[in-house]
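Report on the structure given below.
2 protein chains.
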Amino acid sequence: MTTSDPGPGPSPAASDDRPGIDDSVQAELNRLRGSIDNIDAAVVHMLAERFKCTQQVGILKAEHQLPPADPSREARQITRLRELAENARLDPAFAEKLLNFIIAEVIRHHETIADGARAEEG
Amino acid sequence: MTTSDPGPGPSPAASDDRPGIDDSVQAELNRLRGSIDNIDAAVVHMLAERFKCTQQVGILKAEHQLPPADPSREARQITRLRELAENARLDPAFAEKLLNFIIAEVIRHHETIADGARAEEG
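Here's what the structure looks like:
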């Protein structure tokens, strides 16, 4: 898969050789960083897909005059994600903070969409 | 795949029917929210895997007295992720904020590991 590669040049993981670090330690560090970079690329593409969904939700809400935020839905999402995180041995508090961070961005998008809809009507 | 399901009870997407919303709108909202919930579960599991990698990096760094933070690596990660985000039509500024949020958590973990290593030595 080179399609999602940002272009020529060394990857973030590969160009990190520093003097003073044992070769085998550097190789292990590069191996782990290669995996981290792959996971980050996957997460970026997942979130791009997520925002496509939330953008459709935003349009739907704006069209039907539904409020951008939905506290009961968010509470259920947080409970579920904390449980998923716990099962995956990810800190549930971190998962919750992350979801809140993403939801804040989504609500900002929804407000922009709703403002646009109101501007078109007015 | 039911192994990562948090257990019995309705999913966050399914239990959101509210009076006053047209059935077809509610169905569309549920469909989109089902996708969002699936993506969130994938992201949680990706991040669990990412933290497994960064934990190994943290142990390696602590063992070899390398500093927990690595500004040049982080700068390269941010440049790459912004480019990936742009190609995926995700706001690059959001991708950068998100990576910084995750890196801050990782550094916190590395410091904890390094403190543990020092405590064992001392």
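First to last, the protein sequences are chains A and B.
Each residue of the first sequence is one higher than the one before, starting from 1 at the first, in the UniProt record's numbering.
Each residue of the second sequence is one higher than the one before, starting from 1 at the first, in the UniProt record's numbering.
Ideal placement from N, C-alpha and C gives every residue a C-beta, glycine not left out.
Proximity test, Cβ basis, 8 Å: residue i and chain B
{"i": "residue 24 of chain A", "result": "no"}
{"i": "residue 142 of chain A", "result": "The structure shown does not extend to residue 142 of chain A, since chain A is modelled only from 1 to 122, so the question has no answer here."}
{"i": "residue 41 of chain A", "result": "yes"}
{"i": "residue 54 of chain A", "result": "yes"}
{"i": "residue 115 of chain A", "result": "no"}
{"i": "residue 88 of chain A", "result": "yes"}
{"i": "residue 36 of chain A", "result": "yes"}
{"i": "residue 15 of chain A", "result": "Low per-residue confidence applies at residue 15 of chain A: pLDDT is 45, beneath 50, and the placement is therefore not dependable, though the value from the model is reported in the following sentence. Yes, because at least one Cβ of chain B sits closer than 8 Å to the Cβ of residue 15 of chain A."}
{"i": "residue 118 of chain A", "result": "no"}
Candidates the options, of which the one nearest residue i by Cα
{"i": "residue 74 of chain B", "options": "B:90, B:92 and B:96", "result": "B:96"}
{"i": "residue 20 of chain B", "options": "A:115, A:66 and A:80", "result": "A:66"}
{"i": "residue 115 of chain B", "options": "B:28, B:93 and B:68", "result": "B:68"}
{"i": "residue 80 of chain B", "options": "A:56, A:87, A:106 and A:39", "result": "A:39"}
{"i": "residue 32 of chain A", "options": "B:72, B:56, B:111 and B:37", "result": "B:56"}
{"i": "residue 30 of chain A", "options": "B:61, B:23, B:22 and B:28", "result": "B:61"}
{"i": "residue 22 of chain B", "options": "A:46, A:64 and A:23", "result": "A:64"}
{"i": "residue 88 of chain A", "options": "B:88, B:46 and B:92", "result": "B:46"}
{"i": "residue 98 of chain B", "options": "B:28, B:27, B:70 and B:77", "result": "B:77"}
{"i": "residue 109 of chain A", "options": "B:28, B:94 and B:27", "result": "B:94"}
Residue i vs residue j beta-carbon contact at 8 Å
{"i": "residue 84 of chain B", "j": "residue 119 of chain A", "result": "no"}
{"i": "residue 25 of chain A", "j": "residue 90 of chain B", "result": "no"}
{"i": "residue 113 of chain B", "j": "residue 34 of chain B", "result": "no"}
{"i": "residue 36 of chain B", "j": "residue 54 of chain A", "result": "yes"}
{"i": "residue 71 of chain A", "j": "residue 82 of chain A", "result": "no"}
Residue-chain proximity (residue i, chain A), Cβ-Cβ < 8 Å
{"i": "residue 107 of chain B", "result": "no"}
{"i": "residue 27 of chain B", "result": "no"}
{"i": "residue 95 of chain B", "result": "yes"}
{"i": "residue 64 of chain B", "result": "yes"}
{"i": "residue 49 of chain B", "result": "yes"}
{"i": "residue 112 of chain B", "result": "no"}
{"i": "residue 85 of chain B", "result": "yes"}
{"i": "residue 103 of chain B", "result": "no"}
{"i": "residue 59 of chain B", "result": "no"}
{"i": "residue 1 of chain B", "result": "Here the model assigns residue 1 of chain B a pLDDT of 41, short of 50, so the residue's position is not dependable, and the following value carries that caveat. Answer no: the Cβ-Cβ gap between residue 1 of chain B and chain A never drops below 8 Å."}
Residue i CB to nearest heavy atom of the ligand HEM below 7 Å
{"i": "residue 66 of chain A", "result": "In the structure shown, the ligand HEM is absent, as is every other ligand, since no ligand is present at all."}
Q.
Count Cβ pairs between the stretch 44-64 of chain B and the stretch 100-116 of chain B that sit closer than 8 Å; are there 3 or more?
A. Touching, yes.
Q) Fully enclosed by the stretch 59-108 of chain B, which alpha helix (DSSP H) runs are 4 residues long or longer? A) 71-87
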